[in-house]
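Chains as they are written, first to last, in the numbering used here: chain A, 46 to 290; chain B, 107 to 591. All C-beta atoms, glycine included, are put in the ideal place defined by N, C-alpha and C.
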Amino acid sequence: MLLEGKSVIVTGGTGAVGSALCDVLSREGASVAFNYEKNKDKALEVQSHIEENGRRALAFQCSVLDKEGVAQMVKKTAEEFGKIDILVNNAGIVQVMPFPLIEEEEWDLVMDVNVKGMFIVTKEVVRHMVMQRSGVIINMGSIGGVRLLEVPVHYAASKAAVGGFSIALAKELARYNIRVNTVVPGMLSGGVGLNVPEKQYNEYMKYCAAARPGKPEEVAEYVAFLVSDRAQYINAQNLLIDGGL
Amino acid sequence: MLQDLRKDRDYTYYELTQSMCRQCRKIVDAQIIFRNNRVYMRSVCPEHGATETLIASDAAWYLKVINSPQAPDRPVNHSREISKGCPFDCGLCSWHEKACSLPVFSITNACNLKCPICFTYNREDKKYFISEDEFKSIIDWIIESEKEIDLINITGGEPTLHPKIFSLLEIAQRKEIGRITLNSNGIKLAQDEDFVRKLAEYGVYIILSFNTLDREITRDLHGSDILDYKYKALENLEKYNVPTTILNVSVKDLNDKEIGSFVKLMLKKDFIRSLTIQNMTYTGFGGGSFFNGENSQREHLTIDEVIGNISRAFPQVIYEDDFVPLPGSHPLCYSVNYLFSMDGQVLPLKRIFSPEEYAAVLGKKYLIHPDDNFHTMLMNKINEIWSKEDNDPERERKLQVLKSFISQLYPVGKNLSAFERQRIAEKNIKTIYIHSHMDEDNFDVSRVVRCGDLVPDVNKTFIPACSYNLFYRMNDERFWVEKQL
Numbered sequence: 046m047l048l049e050g051k052s053v054i055v056t057g058g059t060g061a062v063g064s065a066l067c068d069v070l071s072r073e074g075a076s077v078a079f080n081y082e083k084n085k086d087k088a089l090e091v092q093s094h095i096e097e098n099g100r101r102a103l104a105f106q107c108s109v110l111d112k113e114g115v116a117q118m119v120k121k122t123a124e125e126f127g128k129i130d131i132l133v134n135n136a137g138i139v140q141v142m143p144f145p146l147i148e149e150e151e152w153d154l155v156m157d158v159n160v161k162g163m164f165i166v167t168k169e170v171v172r173h174m175v176m177q178r179s180g181v182i183i184n185m186g187s188i189g190g191v192r193l194l195e196v197p198v199h200y201a202a203s204k205a206a207v208g209g210f211s212i213a214l215a216k217e218l219a220r221y222n223i224r225v226n227t228v229v230p231g232m233l234s235g236g237v238g239l240n241v242p243e244k245q246y247n248e249y250m251k252y253c254a255a256a257r258p259g260k261p262e263e264v265a266e267y268v269a270f271l272v273s274d275r276a277q278y279i280n281a282q283n284l285l286i287d288g289g290l
Numbered sequence: 107m108l109q110d111l112r113k114d115r116d117y118t119y120y121e122l123t124q125s126m127c128r129q130c131r132k133i134v135d136a137q138i139i140f141r142n143n144r145v146y147m148r149s150v151c152p153e154h155g156a157t158e159t160l161i162a163s164d165a166a167w168y169l170k171v172i173n174s175p176q177a178p179d180r181p182v183n184h185s186r187e188i189s190k191g192c193p194f195d196c197g198l199c200s201w202h203e204k205a206c207s208l209p210v211f212s213i214t215n216a217c218n219l220k221c222p223i224c225f226t227y228n229r230e231d232k233k234y235f236i237s238e239d240e241f242k243s244i245i246d247w248i249i250e251s252e253k254e255i256d257l258i259n260i261t262g263g264e265p266t267l268h269p270k271i272f273s274l275l276e277i278a279q280r281k282e283i284g285r286i287t288l289n290s291n292g293i294k295l296a297q298d299e300d301f302v303r304k305l306a307e308y309g310v311y312i313i314l315s316f317n318t319l320d321r322e323i324t325r326d327l328h329g330s331d332i333l334d335y336k337y338k339a340l341e342n343l344e345k346y347n348v349p350t351t352i353l354n355v356s357v358k359d360l361n362d363k364e365i366g367s368f369v370k371l372m373l374k375k376d377f378i379r380s381l382t383i384q385n386m387t388y389t390g391f392g393g394g395s396f397f398n399g400e401n402s403q404r405e406h407l408t409i410d411e412v413i414g415n416i417s418r419a420f421p422q423v424i425y426e427d428d429f430v431p432l433p434g435s436h437p438l439c440y441s442v443n444y445l446f447s448m449d450g451q452v453l454p455l456k457r458i459f460s461p462e463e464y465a466a467v468l469g470k471k472y473l474i475h476p477d478d479n480f481h482t483m484l485m486n487k488i489n490e491i492w493s494k495e496d497n498d499p500e501r502e503r504k505l506q507v508l509k510s511f512i513s514q515l516y517p518v519g520k521n522l523s524a525f526e527r528q529r530i531a532e533k534n535i536k537t538i539y540i541h542s543h544m545d546e547d548n549f550d551v552s553r554v555v556r557c558g559d560l561v562p563d564v565n566k567t568f569i570p571a572c573s574y575n576l577f578y579r580m581n582d583e584r585f586w587v588e589k590q591l
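Take a look at the structure:
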């Protein structure tokens, strides 16, 4: 197993990619804590999957923008698991809207959840990692932030920001043996990929070597390797998993 | 005498077509003439003389639409050569100019009403219910011939009385068929809630005949007061969220002033997707002897009169210019107005798109599909409206409506399937169709050759719906016994 004895926090654990992450990381031996915002039934389902894999599970209902809630989640996880080895910043939203119709509030909402939320959670978790002098952070980017694709500009901007955040943080935390990478999924069959207009979906498929959308589980398998000790030399990268584009 | 002959005619000749004589039912020559800014068809039977029928109340409107560009259609599979001439070679014959856009299945002659306005023939002495084998064989050959069909229509009689209706719907559940529509007078839908629930499971779209909100007029039109059935049917359809079209048959000077109320009803209720207004046709079992008006005249309601009624009912909201001929059909057969309707806002698509773009959006079919092309055109339009510095007083409203539409198709934090998005698009883009059927007074060969509403049968033939009603149905032993051809 890749992650025997590790403890992990996954944000947005009830989404398509988030639940796959919880499942795969626990299957690989990690105890998993995750947060979710609304879907309590799904959270219970994710929790039982983790436990079926023989690992400990913690579920927290709070937004990544809720500083108090996030602080509680991190504190409680550290207490229960004894440490936090891995953070996967997966929570994110997308709003399909053409540029002329994006208003300031909508820009703020997307940037808040996708960038500020990542900042809030990371800041809380990194305190523990610095004390431990070790850690791995994966931030979820998007193909929309790195390629010429028709995606909403606020979403693309937020995902490009994830890449910049990761690189700078990787440099700053290197001295504490903390690695930070961005995983950049292409079109997926679940999660925000479901909300892609047919036109953009078809265009992606036209140029994708795999000629199919990726599966959330495939992203989770990739992350499981990247956060493992076998990937110790991989740091400060934008790592694409896009089927070949 | 000579002076009298040399007097100017009181009309202006426009063109020549062919119509029919109501008495001998032969095809006769007919002129299209303008008089006092109105447009008439003047048909002349050598034996029974001339008759005039109003076909448009405004000559300017007529001239504007009559030559509107029509989308060229692909050749149809003709099964008959020309021998007797239109409309007697139906099969289709090689003169027919339109592919099938709507196959119309009469699955029964049974009906639980005997409406004075009924424009079809339904024999009562011998009940007919289409067999599953017959229905399947027709569906099979249509798909073989047309490859795919946007929608089919199942009608009667009253099709909900068919004892095997759900078996037939099962047979019609083919991937090549986009949508199944089922006509109903609403009585069964009112009486049997479970029947409506089952229809919802089959994804059927209901076309509910609903002509008036006035109890007295209901009796005039249907022979009895059936208004409560209509309300109950609507209640059940709404409960199970069955996509519904209101079919309103409008009779001049009787219920034509109520059209606005039905438009309001459509805009108010999410499950009501569209409103079809049909003019009264004075033919068939009941309509052939139905008269209205002070002088017992057969007063024909024209498309432009219906448009006028609607725009007067919605001043500053719906304009006459928002209606356009359906590109695939004759301008005197179909006029259509697609409108965004959400959050209390109404915005006809015609005001967003140029005439060329609008024609491209509509295509040759009856339904707008929110596909790639539609999406691209909408995005282009948003940028255009937003960037253009003009004095369009509706600019902000247009952008607001378009944004609301996109927000509903792609809600934040909720992933919808393509099917769910299709349903949301349908809910937010309502449609008003004005569909003008023909009867013995205004039958026009030039219209029928461009008809895509076709009645299929097991012999692999198609007959345009109006030709079928006027020339073939009474010759069809399933529906009538009188041999007239």
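Tell me residue i's beta-bridge partners as DSSP assigns them.
i: aspartate 559 (chain B); result: B:Leu208
i: glycine 155 (chain B); result: B:Cys151
i: alanine 104 (chain A); result: A:Phe79
i: tyrosine 539 (chain B); result: B:Thr382 and B:Val442
i: proline 570 (chain B); result: B:Leu560
i: leucine 160 (chain B); result: B:Tyr146
i: proline 454 (chain B); result: B:Leu445
i: methionine 126 (chain B); result: B:Ile133
i: cysteine 199 (chain B); result: B:Arg186
i: arginine 503 (chain B); result: According to DSSP, arginine 503 (chain B) bridges with nothing at all.
Cβ closer than 7 Å: which chain B residues qualify as neighbours of residue i?
i: proline 242 (chain A); result: His481
i: leucine 66 (chain A); result: Those do not exist, as leucine 66 (chain A) stays about 17 Å from chain B at its closest Cβ, beyond 7 Å.
i: asparagine 247 (chain A); result: Asp478
In chain A, which residues lie with their C-beta within 7 Å of the C-beta of residue i?
i: methionine 485 (chain B); result: Pro143
i: valine 592 (chain B); result: This structure leaves residue 592 (chain B) out entirely; chain B is present only between 107 and 591.
Which bits of chain A does residue i rub up against, with CB to CB less than 8 Å?
i: isoleucine 458 (chain B); result: Simply none; closest approach about 14 Å.
i: isoleucine 488 (chain B); result: Pro143, Pro145 and Leu146
i: tryptophan 586 (chain B); result: Within chain A, no residue comes near tryptophan 586 (chain B); the closest Cβ sits about 47 Å away, beyond 8 Å.
i: tryptophan 492 (chain B); result: Pro145 and Leu146
With a cut-off of 8 Å on the beta carbons, I'd call residue i and residue j a contact; round off their distance for me.
i: glycine 60 (chain A); j: glycine 236 (chain A); result: 5 Å
i: asparagine 259 (chain B); j: threonine 226 (chain B); result: Wrong, their Cβ atoms sit about 13 Å apart, outside the cutoff.
i: alanine 136 (chain A); j: threonine 56 (chain A); result: 4 Å
i: valine 133 (chain A); j: leucine 47 (chain A); result: Wrong, their Cβ atoms sit about 14 Å apart, outside the cutoff.
i: serine 435 (chain B); j: glutamate 426 (chain B); result: Rounded, the Cβ-Cβ distance is 19 Å, inconsistent with contact.
i: valine 53 (chain A); j: isoleucine 131 (chain A); result: 4 Å
i: alanine 419 (chain B); j: isoleucine 365 (chain B); result: 7 Å
i: isoleucine 378 (chain B); j: threonine 350 (chain B); result: 5 Å
i: isoleucine 352 (chain B); j: histidine 268 (chain B); result: Actually they do not touch by this definition, with Cβ atoms about 22 Å apart.
i: methionine 147 (chain B); j: serine 125 (chain B); result: 6 Å
i: serine 380 (chain B); j: methionine 386 (chain B); result: About 20 Å; that fails the 8 Å criterion.
i: threonine 266 (chain B); j: serine 290 (chain B); result: 5 Å
Under 8 Å Cβ-Cβ, which residues of chain B neighbour residue i?
i: leucine 239 (chain A); result: Asn521, Leu522 and Ser523
i: isoleucine 138 (chain A); result: Val518 and Gly519
Below 8 Å on C-beta distance, what does residue i contact in chain C?
i: isoleucine 512 (chain B); result: Given the protein chain composition of this structure (A and B), no chain C is represented.
- Residue ranges of each alpha helix (DSSP H) within the stretch 365-438 of chain B, 4 or longer: Counting only runs of 4 or more, we get 365-374, 390-393 and 409-419.
- Sequence ranges, beta strand (DSSP E) only - wholly within the stretch 223-281 of chain A, length at least 3: For the stretch 223-281 of chain A, whole beta strand (DSSP E) runs of length 3 or above, ordered along the chain, are 223-230.
- Task: Check each residue of the stretch 514-529 of chain B: if its Cβ is closer than 9 Å to any Cβ of chain A, include it; give the result in chain order.
- Result: So the close ones are Leu515, Tyr516, Pro517, Val518, Gly519, Lys520, Asn521, Leu522, Ser523, Ala524 and Arg527.
- Given a limit of 8 Å on CB to CB distance, which residues of the stretch 494-508 of chain B reach chain A? Those residues of the stretch 494-508 of chain B that come within reach of chain A (Cβ to Cβ, closer than 8 Å) are Leu505 and Leu508.
- Ordered list of alpha helix (DSSP H) runs contained in the stretch 122-162 of chain A, each at least 4 residues: If only uninterrupted alpha helix (DSSP H) runs of at least 4 residues are considered, those enclosed by the stretch 122-162 of chain A are 149-156.
- Would you mind listing the beta strand (DSSP E) stretches within the stretch 163-206 of chain A that are 3+ residues and don't spill past its ends, in chain order? For the stretch 163-206 of chain A, whole beta strand (DSSP E) runs of length 3 or above, ordered along the chain, are 180-185.
- Under 9 Å (Cβ pairs) to chain A, residues found in the stretch 453-477 of chain B: Of all residues in the stretch 453-477 of chain B, Pro476 and Asp477 have a Cβ within less than 9 Å of some Cβ in chain A.
- Using a Cβ-Cβ cut-off of less than 7 Å, list which residues of the stretch 148-164 of chain A approach chain B; keep chain order. Listed by position, the residues of the stretch 148-164 of chain A near chain B (Cβ gap below 7 Å) amount to none.
- Message: At 3 residues or longer, what runs of the beta strand (DSSP E) sit wholly inside the stretch 215-263 of chain B?
- Response: With a minimum length of 3 residues, the unbroken runs of beta strand (DSSP E) contained wholly in the stretch 215-263 of chain B fall at 255-261.
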